[in-house]
Amino acid sequence: MAKQITSQQKDYAQWYQDVVREAKLADHSPVRGCMVIRPNGYALWENMQQSLDQMFKDTGHSNAYFPLFIPKSYLSKEAEHVEGFAKECAVVTHSRLINTEDGKVDVDPESELEEQLIVRPTSETIIWDTYRNWIQSYRDLPLLLNQWANVVRWEMRTRLFLRTMEFLWQEGHTAHATKEEAIEETERMLGVYQTFAEEYMAMPVIPGLKTEAERFAGAVETYCIEALMQDNRALQAGTSHFLGQNFAKAFDVRFQDKDGEEKFVWATSWGVSTRLIGGLIMTHSDDNGLVLPPKLAPVQAAIVPIWKNDDEKAEVLSYAGNLKSALKEQGVRCILDDRDQYKPGWKFAQHEVEGVPLRLAVGPRDVKNGNVEIARRHDRTKDIVEVDDIGQKVLKELETIQSELYQTAKKRMEDNTRHVESYDEFKKVITEDGGFVYAHWDGTTETELKIKEDTKATIRCIPFDYDKSEPGQCMVTGQPSRGKVIFARAY
RNA sequence: CGGGGCGUAGCGCAGUCCGGUAGCGCAUCUGCUUUGGGAGCAGGGGGUCGCUGGUUCAAAUCCAGUCGCCCCGACCA
Numbered sequence: 002m003a004k005q006i007t008s009q010q011k012d013y014a015q016w017y018q019d020v021v022r023e024a025k026l027a028d029h030s031p032v033r034g035c036m037v038i039r040p041n042g043y044a045l046w047e048n049m050q051q052s053l054d055q056m057f058k059d060t061g062h063s064n065a066y067f068p069l070f071i072p073k074s075y076l077s078k079e080a081e082h083v084e085g086f087a088k089e090c091a092v093v094t095h096s097r098l099i100n101t102e103d104g105k106v107d108v109d110p111e112s113e114l115e116e117q118l119i120v121r122p123t124s125e126t127i128i129w130d131t132y133r134n135w136i137q138s139y140r141d142l143p144l145l146l147n148q149w150a151n152v153v154r155w156e157m158r159t160r161l162f163l164r165t166m167e168f169l170w171q172e173g174h175t176a177h178a179t180k181e182e183a184i185e186e187t188e189r190m191l192g193v194y195q196t197f198a199e200e201y202m203a204m205p206v207i208p209g210l211k212t213e214a215e216r217f218a219g220a221v222e223t224y225c226i227e228a229l230m231q232d233n234r235a236l237q238a239g240t241s242h243f244l245g246q247n248f249a250k251a252f253d254v255r256f257q258d259k260d261g262e263e264k265f266v267w268a269t270s271w272g273v274s275t276r277l278i279g280g281l282i283m284t285h286s287d288d289n290g291l292v293l294p295p296k297l298a299p300v301q302a303a304i305v306p307i308w309k310n311d312d313e314k315a316e317v318l319s320y321a322g323n324l325k326s327a328l329k330e331q332g333v334r335c336i337l338d339d340r341d342q343y344k345p346g347w348k349f350a351q352h353e354v355e356g357v358p359l360r361l362a363v364g365p366r367d368v369k370n371g372n373v374e375i376a377r378r379h380d381r382t383k384d385i386v387e388v389d390d391i392g393q394k395v396l397k398e399l400e401t402i403q404s405e406l407y408q409t410a411k412k413r414m415e416d417n418t419r420h421v422e423s424y425d426e427f428k429k430v431i432t433e434d435g436g437f438v439y440a441h442w443d444g445t446t447e448t449e450l451k452i453k454e455d456t457k458a459t460i461r462c463i464p465f466d467y468d469k470s471e472p473g474q475c476m477v478t479g480q481p482s483r484g485k486v487i488f489a490r491a492y
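Under the numbering used here, think of the first position of the first sequence as 2, with each following residue one higher.
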């Protein structure tokens, strides 16, 4: 039925691209590595934004906006930070174009900038430079800001939503008087991300700590949530960083504490991006196209009327109109697809490939019998139900779907999480099964890199229950290990 | 940056080997019939064949450049 979608089994990467295209989420732009987010994709992002934004507000944060351009010199102020991002920065060097004789345009060599500008790959530097001016006293703390923005990272290899050169995200940047408070904030926001991933995206995640090799450039600790995609590769879905006093020192952000002493502030930053859309696709969708969780679906229910002649059309549309009102009354995001130029079958297929969770079909038969046909996208089941109390019934269906999507995804993650004891076993499992693999590791970057080189697997995180797990010996070196960490091949 | 693939109508492609009026499917427009899982028939519109140069009576096709995009790897959210 699906038009142009390669099966997951045949070629998962191609399937992913096909779904993005057929569900009209995004197009490739004329510029390599950039994407045009189409209305369907952007509506999804808006719903994500809305939910997250509310959660940020509920935890005391305010939104602000910092500039796209960052003076080049700022990047050099925090040594590790610059090292992490230097290789992927877009640089603005000129400010003008001129017309050339052959009717084209060229950069005006005379417009060269005195100080070149970096297009932000992230905003720590410009924000901390600003915070210096805003923070003098402990009374100015904590400073809890977030911004919704685009950032640019000059990537070698891109994939729509998962890694593009420009992407949309939010970045929270907070300043605190004490280390403890900053760590608490880092953990709190990771919790927000976990809640969002699980309750809204219906995407189970494992929260944990990044190893030194995977840590954000400039952070003391990076916390993350890791999800497992249908092809058994891991996806870092969100990160929250405890920045210590690194940026405070680099940008000289001090405050006078209650005890009268001048101290550097403690910092955090945290972000999720349009990458989440990629994660959403690879968590729930199938060979028929996109599957969306009701809480984030731009359209939760599509009503498709069916008629043969004008008389039927009139009565079916009237019936369907009442149906729509009943759903709207319950706050269901629904559309009545009364387009005349498409046949019902075409509409069924379109809403299916675009991931609309519920389809309500009504024809003359239903009008006569007081029924509605309800079709669920995620498991492709259909039922005829009585139209009485349809609003409540639909709400209930949406709740069930949301929960079933989560349960299915969670079971898949659990079924693909394995424990190994030896390196041979590890290599076999990583290669043949993929998924999350718990194994003992001696805690050194050297061993981690060797494993990566041997198997392409990286440590996705040191899970939070690490200290509770059994000590053992590193599967590679035999050195003592405090507990098992989670490996996977990742996006 | 390596390996592979592709640039021909809005989209997907054939045509290129072997040079000879630029085609097919979908989409689009008009009309009629249709409508419970991507409708049928008839008629129409739409193209600097990525770009530059060369060979030739003649180039989408051959030759030499060049630009771009996609996929797979190395780096990364």
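Every residue, glycine too, gets a C-beta built ideally from N, C-alpha and C.
- Taking all protein chains shown into account, Glu262 has fewer than 16 neighbouring C-beta atoms within 10 Å of its C-beta and is therefore exposed.
- Val92 sits away from Pro122, with the two beta carbons spaced by 9 Å or more.
- Between the alpha carbons of Phe248 and Met204 lies a distance of about 33 Å.
- As computed with DSSP, Arg255 is found in a beta bridge with Phe265.
- Counting the other CB atoms within 10 Å of its CB gives Glu415 a total below 16, which places it among the exposed residues.
- Apart from the 5 residues on each side of it in sequence, Trp46 sits with its Cβ closer than 8 Å to the Cβ of Ile38, Leu169, Thr275 and Ile278 in its chain, given in chain order.
- Between Val477 and Tyr424, the C-beta spacing is below 9 Å.
- With contacts defined as CB atoms closer than 9 Å, Pro299 and Arg334 qualify as a contacting pair.
- If you compare the alpha carbons of Thr196, Asp338 and Glu125 with that of Phe217, the shortest gap goes to Glu125.
- Comparing alpha carbon positions, the residue from Glu199, Trp155 and Leu144 closest to Gly173 is Leu144.
- When the beta-carbon positions are compared, Glu449 and Thr212 come within less than 9 Å of each other.
- In the structure shown, the three-state DSSP call for Met36 is strand.
- DSSP lists no bridge partner for Pro205.
- Only exposed fits Val32, as fewer than 16 other CB atoms lie within 10 angstroms of its CB.
- A Cβ-Cβ contact shorter than 9 Å links Phe488 with Thr459.
- Rounded to whole angstroms, Gly219 and Cys35 show a C-alpha spacing of 27 Å.
- Leu324 counts as buried, since at least 16 other C-beta atoms from the protein chains shown sit within 10 angstroms of its C-beta.
- DSSP places Asp260 outside any alpha helix (DSSP H), giving it a letter other than H or E.
- The alpha-carbon of Leu236 is positioned some 35 Å away from that of Lys394.
- In chain order, Pro295, Pro358, Arg377 and His379 place their CB closer than 7 Å to the CB of Ile402, counting only its own chain and leaving out the 5 sequence neighbours on each side.
- Between Ser112 and the set Val273, Ile119 and Leu98, the nearest pair of CA atoms involves Leu98.
- In the same chain as Val83, and ignoring 5 residues on each side of it, the C-beta atoms closer than 6 Å to its own belong to Leu76 and Ser77, in chain order.
- Distance between Trp267 and Ala228, taken at the CA atoms: about 29 Å.
- Contact check for Leu191 against Ser241 passes: the beta carbons are separated by less than 9 Å.
- Scanning the region 322–346 for uninterrupted alpha helix (DSSP H) segments of 4 residues or longer gives nothing; none is fully contained.
- Trp149 is positioned such that its CB atom lies no closer than 9 Å to that of Gln246.
- Within the same chain, and ignoring the five residues on either side of Tyr492 in sequence, the residues whose Cβ sits closer than 6 Å to its Cβ are Leu163, Arg234 and Leu236.
- The three-state reading of DSSP puts Arg413 in helix, counting H, G and I together.
- C-alpha of Ala65 to C-alpha of Leu361: approximately 42 Å in a straight line.
- Around the Cβ of Arg490, a 10 Å sphere holds 16 or more other Cβ atoms; the residue is buried.
- Taking all protein chains shown into account, Ala315 has fewer than 16 neighbouring C-beta atoms within 10 Å of its C-beta and is therefore exposed.
- Our two residues, Ile184 and Lys329, have alpha carbons roughly 43 Å apart in a direct line.
- Of Glu471, Val373, Gly435 and Asp466, the smallest CA-CA separation from Lys457 is found for Gly435.
- Nearest to Ile304 by C-alpha distance, out of Leu293, Ser319, Asp312 and Gly290, is Ser319.
- Looking at Asn100, Thr159, Ile119 and Phe67, the one whose alpha-carbon comes closest to that of Tyr132 is Phe67.
- Boundaries cannot be given for Leu297, as no alpha helix (DSSP H) includes it and DSSP labels it neither H nor E.
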